[in-house]
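Reading through the structure tokens given below for one structure.
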Amino acid sequence: MVKLIASLLVLAVVAQQAYGDFKSLSKKDSKSFAPVRRNEGKKLKQNNDHGQDRIVKNDEWSGECKGSLEVPEIPKGWMDLKDGCLNGMRHQIQEEINASYQYLAMAAYFARDTVNRQGFAENFFKAAKEEREHGSKLVEYLSMRGQLTDSVSNLITVPTVAKQEWKDGAAALEDALELETKVTRSIRKLIQTCEGKPYNHYHLVDYLTGVYLEEQLHGQRELAGKLVTLKKMMSTHGELGEFLFDKSL
Ligand SMILES: *[C@@H]1O[C@H](CO)[C@@H](O)[C@H](O)[C@H]1NC(C)=O
Ligand SMILES: [Fe+2]
């Protein structure tokens, strides 16, 4: 009995800490996406000269912000990622975001209670997260080259997913392999554009080859391997083969 109470206490403390972490995380997130913080319709208090509280209205704050955030003039020559190579990078970001949504659709399908293939679902949720991270990394690269100049909605549009249901796990893995092949082709084309004259962007090309293509090629091999194993299991054991394969994911 004492043991039980003790473990309940530990659980409560852990849960509270986790909630605290979550709260501070979401606070941090919302801050990083809102560089210009205006007060959201609420009235804020501010000390006046006599140490008394004074109510500050919305427009007073935003007026102050506008004045202090004017972008200063600096030389622009260093922003030399341009034209075809820059457009290719923007295209690649959308490609990664599209792939992320496609994987999310796959994950959501296999996570349905009526489908209930948790292994496949987890595998595709992870893939969706990775694709989104690929997109983010390229956005960070654009920032490093001074190319994040307008709003993110001019860079990324939310895609609609063409397919949302799959016959079985093998059909989804086949689509995944085709999706990765398309992404690989797109990266190679981007590399070709950026390495050639007049860009010679070897720094970017090195990154795309050494980091992106490297991961891409290993990912494709992994998918192909999974597909072969699954198909072998299904050829001898049918649906039971798929059930067992899902457990092994
Ligand atoms: C992303 O998906 C949208 C459909 O929602 C499509 O129109 C667009 O061409 C795709 N972009 C890339 C780069 O694959
Ligand atoms: Fe990717």
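Numbering-wise, the sequence shown is residues -20 to -1, 1 to 229 according to mature numbering (1 follows the signal peptide of the UniProt record, and there is no 0).
A virtual CB, placed ideally from N, CA and C, is assigned to each residue, including glycine.
Alpha helix (DSSP H) segment containing residue 134, residue limits: Taken as a continuous stretch (DSSP letters only), residue 134 belongs to no alpha helix (DSSP H), as it is neither H nor E.
Residue nearest to residue 121 in terms of C-alpha spacing, selected from 48, 206 and 183: Comparing alpha-carbon positions, the option among 48, 206 and 183 lying closest to residue 121 turns out to be 183.
beta-carbon residue 141 near ligand 3 non-hydrogen atom, thresh 7 Å: In the structure shown, ligand 3 is absent; the only ligands present are ligand 1 and ligand 2.
Pair within 8 Å by beta-carbon distance, residue 188 and residue 157: no
Buried versus exposed, by CB contacts within 10 Å (16 or more), residue 196: buried
Rounded Cβ spacing between residue 151 and residue 211 (contact assumed at less than 8 Å): That pair is no contact at about 11 Å.
Neighbourhood of ligand 2 [Cβ distance below 6 Å to any heavy atom], ordered by chain position: 76, 79, 111, 114 and 163
Range covered by the alpha helix (DSSP H) that runs through residue 84: 63 to 91
Unbroken stretches of the alpha helix (DSSP H), 4 residues or longer, contained in the stretch 122 to 208: 149 to 175 and 182 to 187
Touch test, the stretch 63 to 78 against the stretch 159 to 170, Cβ-Cβ under 8 Å, three pairs minimum: yes
Heavy atom of ligand 1 within 7 Å of residue 74 beta-carbon: yes
Sequence-distant residues of the same chain with beta carbon closer than 6 Å to residue 177, five excluded per side: none
Rounded distance between the beta-carbons of residue 59 and residue 125, thought under 8 Å: Right, their Cβ atoms sit about 7 Å apart.
Minimum C-alpha distance to residue 67 - residue among 147, 194 and 127: 127
Contact test: residue 71 Cβ vs ligand 1 heavy atom, cutoff 7 Å: yes
CA nearest to the CA of residue 137, picked from 220, 78 and 219: 78
Best match in 62, 104, 92 and 117 for proximity to residue 159 [C-alpha to C-alpha]: With distances taken between Cα atoms, residue 159 lies closest to 104.
Neighbourhood of residue 181 by C-beta, 8 Å cutoff - its chain only, sequence neighbours within 5 removed: Here the set comprises 61, 65, 174 and 175.
C-beta atoms of residue 148 and residue 76 nearer than 8 Å: no
Whole-number beta carbon distance between residue 85 and residue 101, since they are thought to touch under 8 Å: Their Cβ separation, rounded to whole angstroms, is 11 Å, which puts residue 101 and residue 85 out of contact at 8 Å.
Simplified DSSP state of residue 53, which is helix, strand or coil: coil
Alpha carbon of residue 116 to alpha carbon of residue 110, nearest angstrom: In a straight line, the C-alpha of residue 116 is about 10 Å away from that of residue 110.
Distance CB(residue 119)-CB(residue 81) smaller than 8 Å: The answer is no: Cβ separation not under 8 Å.
Exposure label - residue 130; buried when at least 16 CB within 10 Å: exposed
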